[in-house]
Amino acid sequence: MNIDIKYNEYLDEFTYDLSLTMRLQNYISNHFYLAYTIAKLAPIYLVGGSIRCLIYAKKPKDMDFVVLGKEQLEWVLKVFKAYNIDFKRNRFGGYKFIYGDTEVDLWLAEDLFSSMQYNVDGLYFDLGTNSLLSLTFDDFNKNGLKLINPENNIENGREKKLVKYEKIVAERETLIKQINILANDETVKKYFELCGQNDNLANQQKDLYKQIKFQEYSSCNHIWVNTLRDYDPWEGRSYNYCECIKCGLDKRVFQLEEEGYHILTFDQRIMYDFLRNQSYKEGIDTHLLCDLDLAKAIYSKIKEAHPDIDDETAIKYFGVALLHIRDTKVSDERKESRAKRLSLTPEFNKWNGRDVKSY
Ligand SMILES: [Zn+2]
1 MNIDIKYNEY LDEFTYDLSL TMRLQNYISN HFYLAYTIAK LAPIYLVGGS IRCLIYAKKP
61 KDMDFVVLGK EQLEWVLKVF KAYNIDFKRN RFGGYKFIYG DTEVDLWLAE DLFSSMQYNV
121 DGLYFDLGTN SLLSLTFDDF NKNGLKLINP ENNIENGREK KLVKYEKIVA ERETLIKQIN
181 ILANDETVKK YFELCGQNDN LANQQKDLYK QIKFQEYSSC NHIWVNTLRD YDPWEGRSYN
241 YCECIKCGLD KRVFQLEEEG YHILTFDQRI MYDFLRNQSY KEGIDTHLLC DLDLAKAIYS
301 KIKEAHPDID DETAIKYFGV ALLHIRDTKV SDERKESRAK RLSLTPEFNK WNGRDVKSY
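Residue numbers are given in my numbering: position 283 of the sequence shown equals residue 283, and the series is strictly consecutive.
This is the structure we're talking about:
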């Protein structure tokens, strides 16, 4: 495997390296020769970021080694003892120590795959044969241990992604521990129990609400108005959608739904499901053009004043109210107080011909 190495402009310990293999060999010999001592009896690999540093002629911050086979522990510990290595256990169960100017982390693993998560580059330097291996998760999955093309690994930001991935795995481990501790806390248990009950009731409530709305829509003798919702200035066309001023059933949901069911509100989804699955009464088409909020507000005022009014008469009153609103010029203040009377928001200002006119 040939990977081009970089050189620094000034003379340094990397100046005379002819290849990556040579550089790795030199660097390990000069900074942690004991790895080669271990290599005499056990398979040992240099892994990870230090290889990458050396490609770029940078001194690695630390060096990570994997010794293959946990049965090698005895031999490794003998070497440590013979050379007075004062090690600590690192957080992944390996050995950590300073040797000369180098920080070393050394693991024992049953296979190289288990060291994969600490080896973001997928690069392994085999000290036994002084050769470089490049391995990916896929290699292990598909073929087991084998040599592959080095170009696979050190491109496309793979390293960064894997560093991030490793960090997330570690963070989640910590989080899950904390979560598990909390999960046994009585208050937290109670919290989840109550949340569960609440979710359950909320679902029942939603379900009932839907049934009630379905009944309301199917029993209503609809009075349809048209609402100009969509004007396409490029094509000069406008699209009208029907809505019932009595029950609020709104066929506009079909137009909205084109952009995706998820953009519909809870109520609009109920209408959508209803219009799709139920046959509904045709009702009366008024051919009036009016904002639906305004129309519903006017209709409910009419109903308030005349509870027993029939649809035909209600439509007449409704038409008169629209004409009145359309033709009588009033100040913004009056509009505001009228909006208030009709229980519309004070900002409701759609009182012009575009919202209120007959065909
Ligand atoms: Zn209706």
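Heads up, the beta-carbon is just placed ideally off N, CA and C, and yes, glycines get one too.
(1) Verify whether the separation of the beta carbon atoms of CYS290 and ASN200 is less than 9 Å.
(2) When the Cβ atoms of the region 257-265 are set against those of the region 306-318, are three or more pairs found closer than 8 Å?
(3) Within the continuous beta strand (DSSP E) that includes HIS287, where are the two ends?
(4) Going by alpha carbons, who is nearest to ILE55 out of LEU20, ASP267, GLY283 and GLY94?
(5) Between ARG23 and the rest of its own chain, which residues show a CB-CB distance below 7 Å, the 5 nearest in sequence each way excluded?
(6) Expressed to the nearest angstrom, what Euclidean distance is found between the alpha-carbon atoms of ALA321 and ILE298?
(7) Cβ of LYS246 versus every heavy atom of ligand 1: is any distance shorter than 8 Å?
(8) In terms of alpha-carbon separation, which member of GLY122, ASP111 and ASP86 lies closest to ASP368?
(9) Relative to ligand 1, is the shortest distance from any of its heavy atoms to the C-beta of GLY283 smaller than 8 Å?
(10) Does the separation of the CB atoms of CYS242 and LYS281 fall below 9 Å?
(11) Could you pull the DSSP bridge partners for ALA109 from this structure?
(12) Enumerate in chain order the residues of its own chain whose CB-to-CB distance from SER50 is below 6 Å, with the five nearest sequence positions on each side excluded.
(13) So what's GLY144 in DSSP terms, helix, strand or just coil?
(14) Would you call the CB atoms of LEU132 and ILE3 closer than 9 Å?
(15) For THR286, which option in TYR45, PRO307, ASP267 and GLY319 has the closest C-alpha, if you only look at C-alpha atoms?
(16) Helix, strand or coil for SER131 per DSSP?
(17) Considering only heavy atoms of ligand 1, does any lie closer than 8 Å to the CB of LEU249?
(18) Would ASN8 pass as a contact of ALA57 if the rule is Cβ separation under 9 Å?
(19) For ILE309, which residues of its own chain have a beta-carbon under 8 Å away from its beta-carbon, when the five flanking residues on both sides are left out?
(20) Assign LYS164 to one of three DSSP states: helix, strand, or coil.
(21) Examine ligand 1 and report whether any of its heavy atoms sits within less than 8 Å of the Cβ of TYR241.
(22) ILE3 by DSSP, collapsed to three states: which one?
(23) Return the chain-ordered list of same chain residues with a C-beta closer than 7 Å to the C-beta of GLU257, the five sequence neighbours on each side being excluded.
(24) LYS251 and LEU275 - do their beta-carbons sit closer together than 9 Å?
(25) Can you check whether the CB of VAL76 is closer than 9 Å to the CB of VAL66?
(26) Give the straight-line distance between the Cα atoms of GLN361 and ILE212, rounded to the nearest whole angstrom.
(27) Roughly how many whole angstroms lie between the Cα atoms of ARG341 and SER300?
(28) Excluding the five sequence neighbours on either side, which residues of its own chain have a C-beta within less than 8 Å of the C-beta of GLN278, listed in chain order?
(29) Return the first residue and the last residue of the alpha helix (DSSP H) that LYS213 is part of.
(30) Quick one: does the C-beta of TYR272 sit closer than 8 Å to a heavy atom of ligand 2?
(31) Give the range of the alpha helix (DSSP H) segment to which PHE274 is assigned.
(32) Using 10 angstroms around the beta-carbon of VAL47, count the other beta-carbons present and answer buried if the total reaches 16, otherwise exposed.
(33) Name the DSSP beta bridge partners of TYR261, please?
(34) Evaluate ILE168 with the Cβ neighbour count: other Cβ atoms within 10 Å of its Cβ, from every protein chain shown; 16 or more gives buried, anything less gives exposed.
(35) Taking the DSSP output, what are the residues bridged to THR102?
This is what the structure gives:
(1) In the sequence shown, counting from the first residue as 1, residue 290 sits at position 290. In the sequence shown, counting from the first residue as 1, residue 200 sits at position 200. With respect to ASN200, CYS290 sits apart: the two C-beta atoms are not nearer than 9 Å.
(2) Using a Cβ-Cβ distance cut-off of 8 Å, the region 257-265 and the region 306-318 are not in contact, since fewer than three pairs of beta carbons, one from each stretch, lie closer than that value.
(3) In the sequence shown, residue 287 corresponds to position 287, counting from 1. Per DSSP, HIS287 belongs to the beta strand (DSSP E) from 284-289.
(4) Taking the first residue of the sequence shown as 1, we reach residue 55 at position 55. Answer by Cα proximity: LEU20.
(5) Taking the sequence shown and counting its residues from 1, the one referred to as residue 23 is at position 23. Once the five neighbours on either side are set aside, the close Cβ partners of ARG23 are ILE5, PHE14, ASP17 and LEU54.
(6) Taking the sequence shown and counting its residues from 1, the one referred to as residue 321 is at position 321. Taking the sequence shown and counting its residues from 1, the one referred to as residue 298 is at position 298. Rounded to whole angstroms, ALA321 and ILE298 show a C-alpha spacing of 8 Å.
(7) As a working note, residue 246 is residue 246 in the sequence shown. Because some heavy atom of ligand 1 lies under 8 Å away, the Cβ of LYS246 counts as near it: yes.
(8) The chain is shown only over 1 to 359; residue 368 falls outside these bounds and no answer can be derived.
(9) For the purposes of this step, residue 283 is identified with residue 283 of the sequence shown, where counting begins at 1. Answer for GLY283: yes, Cβ within range of ligand 1.
(10) Position 242 of the sequence shown holds residue 242. Position 281 of the sequence shown holds residue 281. No.
(11) Taking the first residue of the sequence shown as position 1, residue 109 is located at position 109. Paired residue(s): LEU68.
(12) In the sequence shown, residue 50 corresponds to position 50, counting from 1. So the qualifying residues of the chain are PRO60 and MET63.
(13) Here residue 144 refers to the residue found at position 144 of the sequence shown. Low confidence applies here, because GLY144 scores a pLDDT of 47, under 50, leaving its location unreliable and the question unanswered by this model.
(14) Within the sequence shown, numbered from 1, the residue matching residue 132 stands at position 132. Within the sequence shown, numbered from 1, the residue matching residue 3 stands at position 3. A contact, by the Cβ cut-off of 9 Å.
(15) Here residue 286 refers to the residue found at position 286 when the sequence shown is read from its first residue. Looking at the Cα atoms, GLY319 is the closest of the given residues.
(16) What you label residue 131 is simply residue 131 of the sequence shown in a count that begins at 1. Reduced to three states, the DSSP call for SER131 is strand.
(17) As a working note, residue 249 is residue 249 in the sequence shown. For ligand 1, a non-hydrogen atom lies closer than 8 Å to the CB of LEU249.
(18) Within the sequence shown, residue 8 is the residue found at index 8, counting from 1. Within the sequence shown, residue 57 is the residue found at index 57, counting from 1. Closer than 9 Å, so yes.
(19) In the sequence shown, residue 309 corresponds to position 309, counting from 1. Contacts found: ILE302, LYS303 and TYR317.
(20) Here residue 164 corresponds to residue number 164 of the sequence shown, with the count starting at 1. In the structure shown, LYS164 adopts helical secondary structure according to DSSP, grouped into three states.
(21) Within the sequence shown, numbered from 1, the residue matching residue 241 stands at position 241. No, the Cβ of TYR241 stays beyond 8 Å of every heavy atom of ligand 1.
(22) The residue you call residue 3 lines up with position 3 of the sequence shown. Three-state DSSP puts ILE3 in coil, outside helix and strand.
(23) Residue numbering aside, residue 257 sits at position 257 when the sequence shown is read from its first letter. Same-chain partners within the cutoff: LEU264 and TYR272.
(24) Here residue 275 refers to the residue found at position 275 of the sequence shown. Here residue 251 refers to the residue found at position 251 of the sequence shown. In this structure, LYS251 lies closer than 9 Å to LEU275 by Cβ.
(25) Counted from its first residue, the sequence shown places residue 66 at position 66. Counted from its first residue, the sequence shown places residue 76 at position 76. No, the Cβ-Cβ distance between VAL66 and VAL76 is not below 9 Å.
(26) The first residue shown for the chain is 1 and the last is 359, placing residue 361 beyond what the model contains.
(27) The residue you call residue 341 lines up with position 341 of the sequence shown. The residue you call residue 300 lines up with position 300 of the sequence shown. Cα-Cα distance, rounded: 11 Å.
(28) Within the sequence shown, residue 278 is the residue found at index 278, counting from 1. For GLN278, where only same-chain residues beyond five positions count, the Cβ hits under 8 Å are PHE214, TYR217 and SER218.
(29) Indexing the sequence shown from 1 puts residue 213 at position 213. Counting along the chain, the alpha helix (DSSP H) containing LYS213 begins and ends at 186-219.
(30) In terms of ligand content, the structure shown lacks ligand 2 and carries ligand 1 instead.
(31) Locating residue 274 in the sequence shown gives position 274, where the first residue counts as 1. Unbroken alpha helix (DSSP H) run through PHE274: 266-277.
(32) Residue numbering aside, residue 47 sits at position 47 when the sequence shown is read from its first letter. Per the 10 Å Cβ criterion, buried.
(33) Translated into the one-based positions of the sequence shown, residue 261 becomes position 261. The partner list for TYR261 (beta bridge, DSSP) is empty, contrary to what the question assumes.
(34) Counted from its first residue, the sequence shown places residue 168 at position 168. That one is exposed.
(35) Position 102 of the sequence shown holds residue 102. Beta-bridge pairing links THR102 to TYR99.
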